[in-house]
Amino acid sequence: MITGMDRLVAAINGEKSDRIPVFCNLLDQGAAELGISSLEEYYSNGEHVAEAQLKMREKFGHDNVWSLFYVGKEAELLGCEKIVFSKSGPPNVEDYVIKSYDDIVNLEIPDDIYSHPGFEENLKCLNILKREVGGKQPICAYLTAGITLPAILMGMDKWLELLLMGPTDIRDLLIEKCSDFFQKEIAAFRKAGADVLVYSQPFGSTDILPMRLIKELTLPSMKRDLEPGGMDGMVYYCGSSPFINVIDMMIEKFGFGVFYLSPKDDIAEAKKIINGRALTCGVINDIKLVSWSREEIRAEVKRMLDAGMPGGKFLFGTLVMPYDIPEKNIRAMLEAAYEYGSY
Amino acid sequence: MQTEIIKAYNEAVYDTDRDRAMEVIHAALKQGVTPEEIVFDVVIPAMESMMQAISEDFDANLAQHFMAAQIASQVTEEMIAQFKTPPESLGTIVIGTSVGDMHTLGKRIVSGCLRSMMIDVVDLGVNIKPEDFVDKAVEIDSPVIAISSMMMHTATSENGCQRVREILKERGLEDKIKIVVGGAPYRWDNELYKTVGADAWADNGITAGEVIKKIVMEAKS
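Below is the structure:
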């Protein structure tokens, strides 16, 4: 039987499997899947997350599972003690680790993330995923880039203020510390069995920073993040921000093998730029999945696949699917991707 | 001269270079331009030209929006302190993030932008209950409640904009107070503002300033 990993490997190698790989990023939906009413309770146990990921993959038939709980988990590893949980959406950092520049000087990066108590549930989850589907379904991990991580440690506006107007020594110290954290975190996820490593780098999009600052600040910090561990399994992703105009630079400087586009990026244009040098993932605007009809969903998936499939090396994906999307719409999207994505 | 100052100031803002923008302003003051002229003939036209450029698909990024608002509000504050007579405020509006939403950047850009255009802003902060939005708007006679939501569930929550709309309706305030929303979910679904019961939305912090100013001016007239 063809597995998700078979499809992904075939796509990376420019070969044809039965169909293109389809990534569907369902996170908070896992709680309802297990009949757990509180997201706080659901995310308190790595076994819940693993079980729900496996159940949802079986149910919908997509080609990936996630070891990500919620993005604020990285802030928890660095001392965040307050996360606000909602009934119908992702948990949010409520109390910032960094409230003053002194906090940056005093910020301590754990030496070993793998054995850190805050990583225990992630590890539990990864062990189960690895045991159940390791080598058969891609196991995804989400890692925030060093220059982006301060946004969840001090808030996006405070980080932009420091980045653009603050003392450069403090700014550079924070980027350095966050990059150290990235290096240790990716080592832990690799050791625990994650094989698709999504490098979340909104500060590598010209929607966020001008190209001048990407070259001056983002690229050096990326070099620091990525050089020690290498590029195996790395996926370039800018949150939902478009990044088509940096693709060429990212291939030349770092050799990224996968580009997980923004729904706003032109898929055909991206493929033209990538020109067979990497895998392109076309990403659907999943907020519209809340309200689109079945026909609208099918038409959008077809449009995306028509643009992305010629020439191969293509994957279909979602952002983090909002909790409000009706299950019938998730099914409609996946059925269309499986149907139009068949070879 | 004024056109040259606006051009030099705008170039510094687009380059996200606060120090250079401040140098342009201080050099203008030395040349005899008054603080009043700096605000009304440089900062406000510069902000309006940026709004116009963004609405015509000028490819501005978040750092530029942030810096444009920060610099404009900083210059305005510095110049107002030197005005011969205090300027008249065009009005006051209320802003905050919806329940469960801790993201502060959007409202900070909007607030900076509005303050530079002589509109006062009462920033209620983050995670604001719907009744608190309405109570404050009534208290200060605000024609606008601006609600920022960066996540889908905080935009569509029953305790977010939808509830603010219900309270305005219950209290018969819909003609007096308009709701403007903004944040990531609205950029991905341009009709979402209607679903949550808002009167208007904006794609980014700078154009939010434009949308809100228009409502404030209509209310004033």
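Read top to bottom, the protein sequences are chains A and B.
Note that the numbering used here numbers the first sequence so that position 75 is 76, with each residue one more than the last.
Note that the numbering used here numbers the second sequence so that position 157 is 175, with each residue one more than the last.
By construction, the Cβ of each residue, glycine as well, lies at the ideal position given by its N, Cα and C atoms.
Taking the alpha-carbon positions, what's the residue i to residue j distance?
i: L78(A); j: V199(A); result: 18 Å
i: L1(A); j: A51(A); result: Only positions 2 to 344 of chain A appear in this structure, which leaves residue 1(A) out of reach.
i: P105(B); j: F58(B); result: 10 Å
i: L85(A); j: G118(B); result: According to the sequence shown, residue 85(A) is Val rather than Leu. The alpha-carbon atoms of V85(A) and G118(B) are separated by roughly 7 Å.
i: I209(A); j: P63(B); result: 24 Å
i: A78(B); j: K232(B); result: 22 Å
i: P211(A); j: T149(A); result: 15 Å
i: P168(A); j: L175(A); result: 11 Å
i: L316(A); j: L9(A); result: 8 Å
i: M246(A); j: R225(A); result: The question names Met, yet the displayed sequence has Asn at residue 246(A). Each residue's alpha carbon lies about 22 Å from the other.
i: A337(A); j: P327(A); result: 16 Å
i: S45(A); j: S160(B); result: 43 Å
i: I285(A); j: A30(B); result: 36 Å
i: F70(A); j: I114(A); result: 16 Å
i: M69(B); j: N28(B); result: 12 Å
i: C282(A); j: L127(A); result: 24 Å
i: G234(A); j: D196(A); result: 6 Å
i: F182(A); j: Y97(A); result: 17 Å
I'd like to know whether the C-beta atoms of residue i and residue j end up nearer to each other than 8 Å.
i: V199(B); j: Y211(B); result: yes
i: A279(A); j: G258(A); result: yes
i: L142(B); j: V112(B); result: yes
i: L154(A); j: A81(B); result: no
i: G223(B); j: G124(B); result: yes
i: D287(A); j: P323(A); result: yes
i: S116(B); j: A155(B); result: no
i: I137(B); j: G109(B); result: yes
i: V139(B); j: G114(B); result: no
i: Q20(B); j: V61(B); result: no
i: P111(A); j: K178(A); result: no
i: A12(A); j: I21(A); result: yes
i: D325(A); j: M85(B); result: no
i: E149(B); j: I185(B); result: yes
Counting contacts by CB-CB distance shorter than 8 Å, is residue i in contact with chain B?
i: P111(A); result: no
i: Y324(A); result: yes
i: P151(A); result: no
i: S294(A); result: no
i: M166(A); result: yes
i: E95(A); result: yes
i: K178(A); result: no
i: I3(A); result: no
i: G90(A); result: yes
i: G318(A); result: no
i: M157(A); result: yes
i: L280(A); result: no
i: P327(A); result: no
i: T207(A); result: yes
i: K314(A); result: no
i: K216(A); result: no
Determine the burial state of residue i: buried for a count of at least 16 other Cβ atoms within 10 Å of its Cβ, exposed for fewer.
i: D266(A); result: buried
i: N93(A); result: buried
i: H44(B); result: exposed
i: N208(B); result: exposed
i: N14(A); result: exposed
i: D64(A); result: buried
i: M235(B); result: exposed
i: I146(B); result: buried
i: Y344(A); result: exposed
i: D29(A); result: buried
i: I331(A); result: buried
i: R189(B); result: exposed
i: R132(A); result: exposed
i: P139(A); result: buried
i: P229(A); result: exposed
i: T103(B); result: exposed
Check whether chain A comes within 8 Å of residue i, counting only Cβ atoms and requiring the distance to be less than that.
i: T103(B); result: no
i: G201(B); result: no
i: Q49(B); result: no
i: W219(B); result: no
i: T81(B); result: The residue you asked about is not Thr; residue 81(B) is Ala in the sequence shown. Yes, A81(B) counts as interfacial toward chain A.
i: M40(B); result: no
i: M135(B); result: no
i: L123(B); result: yes
i: T172(B); result: yes
i: R181(B); result: no
Q) For the region 135-214 of chain A, which segments carrying the alpha helix (DSSP H) assignment without a break, of at least 4 residues, lie completely within its bounds, in sequence order? A) 151-155, 157-166, 169-192
**Q.** beta strand (DSSP E) segments (min. 3 residues) lying fully within the region 22-83 of chain B
**A.** none
(Q) In chain order, what are the residue ranges of uninterrupted alpha helix (DSSP H) at least 4 long that sit wholly in the region 33-105 of chain A? (A) 40-44, 47-61, 74-78
Q. Going along the chain, which unbroken runs of the beta strand (DSSP E) with 3 or more residues stay wholly within the region 125-186 of chain B?
A. 137-141, 162-166
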